[in-house]
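Numbering (the UniProt record's numbering), first residue to last: 1 to 324.
Structure record follows, encoded as structure tokens.
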């Protein structure tokens with residue numbers, strides 16, 4: 001009969017923590033770029049490092065022994081430390097307290113007036129004590145901001161006419177679609193202007209493309225100065241522009257169109273530094289949203305036809321789309 005052997009493996013016993021573990025941890029907490037605070041059941045800070053105290057704009061020695069609410073009030077009153085955007089601090093504090101006491105563990109981000117950001121973790125212990133830890137995420141936030149700025153810059157390049165600085169055709173298509181859908185959904189007024197600079201080919205022939213470009217830039221600036229913040233000016237072709245007019249009926253659109261036509265006709269355009277100033281006129285077609293319109297192209301087609309009608313009628317005039 002075969003014998004069975006049992007091999008016993010001995011594992012080393014875990015070592016006891018060093019006697020000076022507490023001092024080691026406290027030293028680490030003091031030098032870390034992160035923050036840590038301990039609040040007792042009376043809502044007083046009984047321990048913190050300097051980074052935690054800086055959230056309230058005070059020193060570590062000033063923070064310990066004070067109530068957390070008083071530290072927050074100090075930060076709000078002196079505009080130091082954490083950013084607190086409120087005109088009613090007591091209501092803000094009550095909202096924060098309700099939010100943080102609903103769960104045993106809360107995580108949130110907070111920013112400081114000196115530009116730092118912390119990812120905070122608040123732990124509500126059964127003993128009534130509270131542990132608050134914060135990881136410095138300033139570099140992460142800065143990188144995120146750089147990416148957002150880069151994305152906005154790219155969006156601007158994609159949606160902006162590089163010569164005039166107004167919306168390009170791509171941006172017009174998006175804005176017009178959105179405005180038309182909103183107006184139809186909420187039964188609101190919406191109007192559209194289609195504008196063409198008269199005899200622009202003659203301008204290019206006489207003054208070259210540099211002179212033509214100068215005219216286009218000045219024209220866009222004049223229109224932009226005349227429009228409301230809610231209106232959108234776009235360059236959709238060589239010398240063709242559109243203006244989207246939200247919350248505007250045909251009567252109001254005609255007034256705006258006539259104002260644009262008049263200002264352009266009176267303005268002395270310059271082509272280059274050496275050329276004499278010249279006069280420029282525009283032909284404008286106007287259309288407004290009707291009950292039968294489904295898409296923005298319905299408005300554009302009518303406004304475009306009205307613009308060509310203005311040209312056939314002698315140019316330098318505004319024409320309202322038929323049946324409006």
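Every residue, glycine too, gets a C-beta built ideally from N, C-alpha and C.
Limits of the beta strand (DSSP E) - the one that residue i falls within
i           : result
residue 241 : 240 to 246
residue 191 : 190 to 197
residue 106 : 105 to 111
residue 318 : 318 to 320
residue 286 : 282 to 288
residue 39  : 35 to 39
For residue i, the first and last residue of its enclosing alpha helix (DSSP H)
i           : result
residue 81  : No alpha helix (DSSP H) contains residue 81, which DSSP labels as neither H nor E.
residue 308 : 296 to 312
residue 186 : Note, residue 186: premise wrong, no alpha helix (DSSP H); not H, not E.
residue 119 : Where residue 119 is concerned, there is no enclosing alpha helix (DSSP H), although the beta strand (DSSP E) it sits in stretches over 117 to 124.
residue 235 : Careful: residue 235 lies outside any alpha helix (DSSP H), inside the beta strand (DSSP E) at 232 to 235.
residue 136 : Taken as a continuous stretch (DSSP letters only), residue 136 belongs to no alpha helix (DSSP H), being part of the beta strand (DSSP E) at 130 to 136.
residue 52  : 50 to 54
residue 163 : No alpha helix (DSSP H) holds residue 163; DSSP gives it neither H nor E.
residue 94  : 89 to 101
residue 60  : 60 to 63
residue 262 : 250 to 266
residue 25  : 21 to 31
residue 204 : 200 to 226
Residues near residue i by beta carbon distance below 7 Å, same chain, minus five either side
i           : result
residue 303 : 192, 193, 194, 285, 286, 287 and 321
residue 89  : 73 and 76
residue 113 : 79, 80, 81 and 83
residue 250 : 191, 286, 288, 320 and 324
residue 141 : 117
residue 329 : Any property of residue 329 remains undetermined from this structure, which presents the chain solely from 1 to 324.
residue 277 : 268, 269 and 270
Residue i burial status per 10 Å Cβ neighbour count (16 or more: buried)
i           : result
residue 108 : exposed
residue 71  : buried
residue 179 : buried
residue 253 : buried
residue 158 : exposed
residue 176 : buried
residue 186 : exposed
residue 182 : exposed
residue 30  : exposed
residue 91  : exposed
residue 161 : buried
residue 290 : exposed
residue 49  : buried
residue 312 : exposed
residue 86  : exposed
residue 24  : exposed
residue 171 : buried
residue 310 : buried
residue 232 : buried
residue 283 : buried
Rounded separation between residue i and residue j - CA only
i           : j           : result
residue 117 : residue 27  : 23 Å
residue 148 : residue 223 : 30 Å
residue 21  : residue 153 : 51 Å
residue 56  : residue 102 : 23 Å
residue 67  : residue 139 : 30 Å
residue 314 : residue 155 : 40 Å
residue 58  : residue 106 : 24 Å
residue 255 : residue 202 : 29 Å
residue 292 : residue 151 : 38 Å
residue 298 : residue 96  : 51 Å
residue 234 : residue 110 : 40 Å
residue 188 : residue 294 : 13 Å
residue 33  : residue 52  : 10 Å
residue 54  : residue 60  : 8 Å
residue 332 : residue 279 : Limits of the chain in this structure are 1 at one end and 324 at the other, which puts residue 332 out of reach.
residue 123 : residue 100 : 9 Å
residue 306 : residue 217 : 24 Å
residue 237 : residue 168 : 9 Å
residue 173 : residue 300 : 11 Å
residue 308 : residue 318 : 10 Å
residue 184 : residue 230 : 17 Å
Residues of its chain near residue i, where Cβ-Cβ distance is below 8 Å and the 5 sequence neighbours each way are ignored
i           : result
residue 128 : 40 and 41
residue 263 : 222 and 226
residue 316 : 198, 261, 265, 281, 282 and 283
residue 204 : 211 and 212
Neighbourhood of residue i by C-beta, 6 Å cutoff - its chain only, sequence neighbours within 5 removed
i           : result
residue 296 : 176, 177 and 180
residue 271 : 207, 211 and 214
residue 64  : 45
residue 220 : 164 and 166
residue 43  : 67 and 68
residue 125 : none
residue 200 : 239
residue 137 : 117 and 119
With a cut-off of 8 Å, do at least 3 Cβ pairs link the region 186 to 206 to the region 240 to 250? In short, these stretches touch, since the Cβ pair count reaches three.
Three or more C-beta pairs closer than 8 Å, one from the region 33 to 44 and one from the region 132 to 139: is that the case here? Contact holds between the region 33 to 44 and the region 132 to 139, because three or more Cβ pairs, one in each stretch, are under 8 Å apart.
Tell me whether the region 259 to 278 and the region 217 to 233 touch, counting them as touching only if at least three CB pairs, one residue from each stretch, are closer than 8 Å. Yes: at least three Cβ pairs fall under 8 Å.
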